[in-house]
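Taking it in order: structure first as structure tokens, then the write-up.
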Amino acid sequence: MLLTTTNTTLDNFPFSLTCHQWLEPEKQLEVWQQAVELAGGKVPTGRIVKDVVQRIIERTQIPNSYQIGEVCQILAKDNPELRGKGGCWCIVVAVHDFSCTVRLWNGECTVGIQHLKSYNYLPAECEQMQVICDRINRVYSTELEESVQKFLESLGKLKRVYLTGLEEKVLGVIEREYGVVG
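Residue numbers (the numbering used here): 3 to 184.
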């Protein structure tokens, strides 16, 4: 079955582009037309549509305004690569055109700027979070006991810039137990 891309309206789409509702209707139509073309005139796969959307976003996006050292929250949205990281805080370690490399409680990854939200912390608060992040990263390993991993993960989802007295003590015990004292 070949699809025509002329005189197409949004109502004629065989599936919903609701995950991209923030695109203007004209852009949604452009996405659909390009995706059909890439699929050889057939109904495009979700991957093709997503790739076309990403290219359009990148060419129309405002410049990346994040800064190295900035503390942000990861917004997983519809990105399966960020599964388990949604809601975690992270620290920007490199700034690219449309993404940032960030450090989390369990390592680094590159995240599109649409998946980041700044906490707008003061510089001193960002430095404090960097210290916490460094401590967690020094001790974290997939070889750790599950309960220890879960504790470190919970620290990676804190919504504040400090550890409580008890969190500080438990992290200190873990650091000493694994011979990683900062």
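Think of the CB as a built atom: it goes at the ideal place given N, C-alpha and C, for glycine as much as any other residue.
Practice task
Assign G158 to one of three DSSP states: helix, strand, or coil.
Solution key: coil
Handout entry: Close-in-space but distant-in-sequence residues of the same chain around C92 (CB under 7 Å, 5 per side omitted)
Key = C74, I76, V104, R105, L106
Handout entry: Beta carbon of I134 nearer than 9 Å to that of L165
Key = yes
Practice task
Please state if the CB of N108 and the CB of L40 are separated by a distance shorter than 9 Å.
Solution key: no
Exercise for the section: Take the Cβ of V55 as the centre, count every other Cβ of all protein chains shown within 10 Å, and call the residue buried at 16 or more, exposed below. Expected result: buried
Exercise for the section: Within 10 angstroms of the Cβ of E72, are there 16 or more other Cβ atoms? Answer buried if so, exposed if not. Expected result: buried
Practice task
Compare the beta carbon distance of E177 and R137 with 9 Å and say whether it is the shorter of the two.
Solution key: yes
Exercise for the section: Per DSSP, which residues does E110 bridge with? Please list them. Expected result: R105
Practice task
Using three-state DSSP, classify V94 as helix, strand or coil.
Solution key: strand
Handout entry: chain C within 9 Å of E83, Cβ atoms only
Key = Annotation note: the requested chain C is absent from the structure, which comprises a single protein chain.
Practice task
Please name the residue or residues paired with C74 in a DSSP beta bridge.
Solution key: C92, S120
Handout entry: Under the three-state DSSP convention, the category D136 falls into
Key = helix
Exercise for the section: Return the CA-CA distance between G88 and V113, expressed in angstroms with no decimal places. Expected result: 11 Å
Problem - Per-residue burial, G158 [other beta carbons within 10 Å of its own, 16 or more giving buried] - result: buried
Exercise for the section: Alpha carbon to alpha carbon, how far is L168 from E127? Give it in angstroms, no decimals. Expected result: 20 Å
Handout entry: Local conformation of F100 per DSSP, three classes
Key = coil
Problem - Cβ-based burial, P16 [other Cβ within 10 Å; buried from 16] - result: Since pLDDT at P16 reaches only 45, below the 50 mark, its modelled position is unreliable, and the value read off the structure follows with that caveat. P16 should be labelled exposed.
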